[in-house]
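Residues 1 to 339 in UniProt numbering are what the sequence shown lists, from first letter to last.
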Amino acid sequence: MMSAEVLSGVIVSVVCIVYNHEKYIRDALDGFLRQDTSFAVEFIVADDCSSDGTMDVINEYRDKFNGRLKVVRNESNLGFMKNLINALDMASGKYIAICEGDDYWVDPEKLSVQVNKMDALSSVDLSFHSSYIKYEFGDKVDSLFCKRAHGDCVFGIEDIIDSAGSFMPTASMLIRGDAYRNLSPSIRALYESYTTAFFTQLIFSFENGALYIDRPMSVYRSMALGSWTESVVNNPNIYMYWSDKYLCAVRLYNALTGYRQKSAFERAISNKHFSILKHEGISKQYKKDYFSRHRSELTNWQVLFWWVVRFFPQWIFILRKGKRRLLKLKGGIRSLIGR
């Protein structure tokens with residue numbers, strides 16, 4: 001367990017944003033308490049006006065943190081972006097760790113490992129690690145998530161741009177506090193307007209990449225009730241709203257950084273357009289109009305795929321069936337190699 005002794009100076013500020021996470025928040029809080037560190041840690045939990053029993057659970061845990069827990073409850077729902085920014089602004093630590101209330105940490109050395117490695121590699125402002133993915137619904141088996149390499153390494157910004165936000169589990173990220181506090185006014189304004197996991201990864205790894213630590217130390221819940229991902233993926237209107245914001249932000253960030261990663265950002269834009277065209281919940285007429293407006297930003301392969309989907313839909317069934325067979329074959333080969 002973590003020492004109750006308060007050392008001089010906060011080394012890590014743990015920021016946890018919650019909204020209707022009554023079902024999950026105990027796991028997150030227990031993961032915080034489990035951290036074994038030799039340095040001072042503060043915990044900031046920002047509840048975005050939950051309507052369930054989230055605050056009741058948080059209040060149960062107050063005494064267990066021995067004065068190191070700061071709880072903020074918004075009087076009205078601010079939304080994911082504003083709630084996170086407000087919590088980050090409260091952080092005083094040399095480093096800032098982020099963990100949403102429906103995710104949790106499973107390794108008691110997580111913070112110590114990341115702090116030690118970032119102290120030793122002062123050039124990077126962001127580190128992350130692999131995780132486990134826990135499926136809340138369906139029959140998928142829990143598995144390893146975001147294992148990016150065999151061994152620790154630094155990934156460049158192009159890898160992160162190409163991922164469109166899926167490169168790092170949010171609960172794995174540790175950011176240098178000064179990197180956040182010293183954001184330029186223009187980048188700060190963009191971050192406040194378009195705060196998502198993608199732009200957290202993007203902004204703090206743009207100059208020098210991000211340190212990957214090959215050790216799974218957290219759990220990501222897939223499609224947890226009330227999660228940002230669940231609400232966006234399941235609602236086409238919300239998905240389109242966030243897609244529009246994403247495209248605006250990518251174009252703006254590309255300009256603010258002097259088009260130094262122009263090709264990578266162009267790929268990100270074309271891939272987002274393509275994801276909209278593939279979204280099963282969006283009407284065919286909307287997709288047709290959308291394709292006409294944005295065809296110039298799609299790759300040749302994406303344009304070809306669109307025409308196949310539109311005029312030869314039966315081919316898609318054949319391609320998907322072939323893909324399933326290839327994945328099954330790949331799994332069989334891996335099993336044989338494993339033996």
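Heads up, the beta-carbon is just placed ideally off N, CA and C, and yes, glycines get one too.
Source: prediction; values computed, not measured.
Backbone secondary structure at residue i - three-state DSSP
i, result
"Tyr-220", "strand"
"Cys-16", "strand"
"Ser-243", "helix"
"Val-45", "strand"
"Ser-292", "helix"
"His-273", "helix"
"Val-124", "coil"
"Arg-188", "helix"
"Phe-32", "helix"
"Arg-148", "coil"
"Leu-211", "strand"
"Lys-23", "coil"
"Ile-175", "strand"
"Ile-282", "coil"
"Tyr-180", "helix"
"Ser-263", "helix"
"Phe-198", "helix"
"Ala-91", "coil"
"Ser-38", "coil"
"Phe-305", "helix"
"Ser-193", "helix"
Distance between residue j and residue i (C-alpha atoms, nearest Å)
i, j, result
"Ser-163", "Ile-25", "28 angstroms"
"Phe-132", "Ala-171", "It should be noted that the sequence gives Tyr, not Phe, for residue 132. Cα-Cα distance, rounded: 11 angstroms."
"Gln-261", "Ser-193", "21 angstroms"
"Asn-254", "Glu-60", "45 angstroms"
"Val-18", "Glu-100", "6 angstroms"
"Gly-9", "His-273", "46 angstroms"
"Gly-151", "Val-71", "37 angstroms"
"Asp-244", "Arg-267", "16 angstroms"
"Val-309", "Pro-169", "32 angstroms"
"Leu-121", "Val-45", "29 angstroms"
"Asp-107", "Trp-306", "45 angstroms"
Other residues of its chain near residue i: CB distance less than 7 angstroms, five sequence neighbours each side excluded
i, result
"Gly-209", "Val-124, Val-154, Phe-155, Gly-156, Ile-157"
"Val-303", "Arg-295"
"Ala-149", "Tyr-212, Asp-214"
"Val-57", "Glu-22, Ile-25, Arg-26"
"Ser-270", "Glu-297, Leu-298, Thr-299, Gln-302"
"Leu-88", "Val-15, Ile-96, Tyr-180"
"Leu-252", "Leu-190"
"Leu-247", "Ile-269, Lys-272"
Exposure of residue i, with buried meaning 16 or more beta-carbon neighbours within 10 Å
i, result
"Phe-198", "buried"
"Glu-42", "buried"
"Tyr-241", "exposed"
"Asn-237", "exposed"
"Asp-102", "buried"
"Met-90", "exposed"
"Phe-32", "buried"
"Asn-182", "exposed"
"Lys-110", "buried"
"Ser-127", "buried"
"Tyr-259", "exposed"
"Gln-35", "buried"
Paired residues, beta bridge with residue i - DSSP
i, result
"Trp-105", "Ser-218"
"Ile-98", "Val-15"
"Val-71", "Val-45"
"Lys-287", "According to DSSP, Lys-287 bridges with nothing at all."
Sequence-distant residues of its chain with Cβ nearer than 8 angstroms to residue i (five each side left out)
i, result
"Met-81", "Glu-192, Ser-193, Tyr-194, Thr-195, Thr-196"
"Lys-134", "Asp-142, Val-219, Tyr-220, Arg-221, Ser-222"
"Gly-177", "Ser-13, Ala-91, Ser-92, Gly-93, Lys-94, Tyr-95, Ile-96"
"Lys-288", "Arg-310"
"Arg-62", "Leu-69, Val-71"
Neighbourhood of residue i by C-beta distance below 6 angstroms, restricted to the same chain and skipping five residues each side
i, result
"Asn-74", "Asp-48, Cys-49"
"Phe-265", "Val-250, Asn-254"
Distance cut-off 7 angstroms: residue i Cβ against heavy atoms of the ligand NAD
i, result
"Lys-147", "Absent from the structure shown: the ligand NAD. Ligands present: none."
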